[in-house]
Structures are given as structure tokens and as C-alpha cells.
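Quick note on the numbering used here: the sequence shown kicks off at 47 and runs consecutively. Data first, discussion second: the structure below is written as C-alpha cells.
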Amino acid sequence: MTSDVAVIAGAGLGLSASLARLLTKEGFRVVLAARNLGKLSTLVDETGALAVETDVADVASVENLFDVADKAGPLSLVVFNASGRARGPIADLDPE
């Protein structure tokens, strides 16, 4: 068991949610960062994680995230799961 903090940036309902559950079971205090906190309410209730509205493309938003994380305890792990996606059939996507 640990009391260290893990930040998951770009938190959602897939891989990052599974990781949040695992880290919580291992004793981490988890901080979830996402632009849309509404989608995280069940995960927050389930894990006791903190959720921080964060746009990883905005410096002030990221600074706020780490201010919150610092108050939660010693930071040991950061997972950057934020992404942007090109939508459409793969054959139609521009390789650039």
C-alpha cells in the first residue's frame, strides 16, 4: 500500500478507468484530469478519485491540475492518456 498520488490526464471510461481502479486498489490517491467531468462521476464514486477539469492544451489548466495533485500527496506517477483523433474510414485518412 502507498499513499502516493497518480495523475491520469485525459481520463475517460476505457483504459484510463481500468488503470484508475487498479491504482486505487494498490493504494494510490488517484487524480483524474479531463475536459468533461460529467462522464467521470461513476468512476469517482467507485474509486474515491479526485476529478479536475483540465484541458491539457492550456498551460494554466495543467498548472491547476498539478496544484490539486500536490495537495493530495506526493506525486509518483503521471499517465498522459489525452488524445485527438481523426475520424472516418482508415482508407480515407490523410497519412500526414
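Ideal Cβ placement from N, Cα and C applies to all residues, glycine included. Keep in mind it's a predicted model, so treat the numbers as computed, not measured.
Where residue i falls, given that 16 or more other Cβ within 10 Å makes a residue buried
| i | result |
| --- | --- |
| Leu78 | buried |
| Thr88 | exposed |
| Ala97 | buried |
| Pro136 | One point to set straight first is that residue 136 is Ile, not Pro, in the sequence displayed. Exposed. |
| Ala106 | exposed |
| Ala103 | exposed |
Cut-off 7 Å between Cβ atoms - residues of its own chain near residue i, not counting five sequence neighbours on either side
| i | result |
| --- | --- |
| Asp138 | none |
Residues bridged to residue i [DSSP beta-bridge criterion]
| i | result |
| --- | --- |
| Phe126 | Ala55 |
| Arg75 | Val51 |
| Leu83 | Answer by DSSP bridge pairing: none, since Leu83 is not bridged. |
| Glu99 | Ala80 |
| Leu121 | Val51 |
Sequence-distant residues of its chain with Cβ nearer than 8 Å to residue i (five each side left out)
| i | result |
| --- | --- |
| Glu92 | Arg67 |
Beta-carbon contacts of residue i that lie in its chain and below 6 Å, excluding the five residues immediately before and after
| i | result |
| --- | --- |
| Ala95 | Ala66, Val76 and Leu78 |
Inter-stretch contact at 8 Å, needing at least 3 Cβ pairs: the region 126 to 141 / the region 51 to 67: Judged by Cβ distances under 8 Å, the region 126 to 141 makes contact with the region 51 to 67, as three or more pairs qualify.
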